[in-house]
Structures are given as structure tokens and as C-alpha cells.
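Report on one structure; see the data block that follows.
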């Protein structure tokens, strides 16, 4: 789903990743983290798609909310497992959404 | 591929879309636009993935480069066809990347 976000400004965390071939447990953890993120203060929405490349964009009220989510204990464990097991490489970009527009039929 | 972007700050255009069922000609046009974008001044990279939701994030040097790309004549034609034929809905977010970090094995 296209995330329903408030009027800018707000923040986007653009997480782009390439996975290892072996990814047992990944889908379950990804779903768990999505559920957990939604309970965090300042969470606004998330969009995700994967082909060979995976892109997850989560939206947040401010940088403080992003920092807290990054430091969340369960999320920290998932991040560690991501590095040791699931991800071949990834890049995270923190960006301030200044403007948005949409189209819908 | 994960885009190799320079040190922040730079800009991201996060384009999230839902397509109509009928999408003849879409893949060719998407590829053509990706090729064309790469020739534009200020283009830094692009990342794309689609499941039910499509996410394309393109990276740009500055807002002026994004404005020029939006106004490019061939791109304008593609945008029109996107609205009239291919897309059910989409959202475009213009965001300033303030920070990034990466991991690779």
C-alpha cells in the first residue's frame, strides 16, 4: 500500500538491501519488525517491495523517532542478525521529505 | 543494484505506485525513462523494485536537477501516459538526504 503520510515536512528512512541466498527466518523477522515499527512513537507509515533488490521506505515524524527505533532492543537484535546472516549488503539513507504530491483514480 | 551515491547532502525522489492490470508498453517505457534519466544533469543513481507496490527512488544533486527532469519533454509524455493508462495511483516525495551509512560483505 502507498503510505498515507501527513503534510511535509517529515522524515523518510530509505533502506535498500541485497540478501544472501540463504534467508531462513528472514520473512518472519521482517514482518515482526514491521509490526513493531508501527507501535513506535513517531511512526507514520512504511512501503516495501523486493525483486533482486529490496527497498523499504519507512516514514517518521522526526529524527528523534528514527533514533529511538534504531536503538529499540528487539530491532537491534534483528539488525545484528541482518548483518551476520541475511544481508549481503545494504544502504540506509535518512532524508527529510520537503514536498509530496499524489495521483489516484 | 544499490546506487552508489556521493556524500550527503543530495536529493531523493521516492516514487511509489500501484499499476492498473493492463500495462502493455509499461516495461519498455520504464526502461526508456531510466536510460533517459541517467543522461540528465545532476542524476546520481536509481533504485527500483516492484511487487504489488512499485518503489523507484532516484537520486539527484539538487532540486533544480529534479525540476528539469520533471519538465523533460519525453518524460512529460511518459507522465501523461502513466496517468491516463498505467497507474491506478502514485505518490511522489521529494526528500533531502541528510545522512547515509552502509554495510557490505
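Residue numbers (our numbering), protein chains in the order written: chain U, 1 to 105; chain W, 1 to 105.
Using N, Cα and C, we set each Cβ at its ideal position, and we do this for glycine too.
At a Cβ-Cβ threshold of 8 Å, residue 53 of chain W and residue 92 of chain W do not count as neighbours. Residue 46 of chain U is bridged by DSSP to U:58.
Of all residues in the region 77 to 96 of chain U, only 83, 87, 88, 89, 90, 91, 92, 93, 94, 95 and 96 come within less than 7 Å of chain W when Cβ atoms are compared, listed by chain position. Distance from the CA of residue 99 of chain W to the CA of residue 49 of chain U, rounded to the nearest whole angstrom, comes to 22 Å.
Taking a Cβ-Cβ cut-off of 8 Å, residue 43 of chain U has no neighbours in chain W, whose nearest Cβ is about 16 Å from it. A residue is called buried when at least 16 other Cβ atoms come within 10 angstroms of its Cβ; residue 33 of chain W meets this threshold and is buried.
If you check the CB distance, residue 9 of chain U and residue 70 of chain U do not come in under 8 Å.
Among the residues of chain U, none has a CB under 7 Å from the CB of residue 61 of chain W; the nearest is roughly 14 Å distant. Pairing residue 21 of chain U with residue 84 of chain U, the inter-Cα distance amounts to about 13 Å.
The shortest C-alpha to C-alpha distance from residue 44 of chain W to any of W:103, W:3 and W:35 is the one to W:3. For residue 28 of chain U, the enclosing alpha helix (DSSP H) starts and ends at 26 to 37. For residue 103 of chain W, the C-beta contacts it makes with chain U under 7 Å involve 83, 87, 89 and 90, in order along the chain.
A straight line joining the alpha-carbon of residue 90 of chain U with that of residue 103 of chain W spans about 5 Å.
The three-state secondary structure of residue 84 of chain W, taken from DSSP, is helix. Under the Cβ criterion of 8 Å, residue 74 of chain W is not counted among the residues facing chain U. Checking the DSSP bridge columns, you'll see residue 100 of chain U partnered with W:93. Non-local beta-carbon contacts of residue 37 of chain U in its own chain, meaning distances under 7 Å to residues more than five positions away in sequence, involve 43, 46, 58 and 69 in chain order.
Residue pairing for residue 17 of chain U: DSSP places it in a beta bridge opposite U:54 and U:90. Assignment of residue 3 of chain W by DSSP, reduced to helix, strand and coil, places it in the coil class. Inter-residue distance for residue 19 of chain W and residue 14 of chain U is about 22 Å (C-alpha atoms, whole angstroms). Between the alpha carbons of residue 27 of chain W and residue 86 of chain W lies a distance of about 10 Å. When 8 Å is used as the limit between beta carbons, residue 100 of chain W is near these residues of chain U: 91, 92, 93 and 94, in chain order. At least 8 Å separates the CB of residue 46 of chain W from every CB of chain U.
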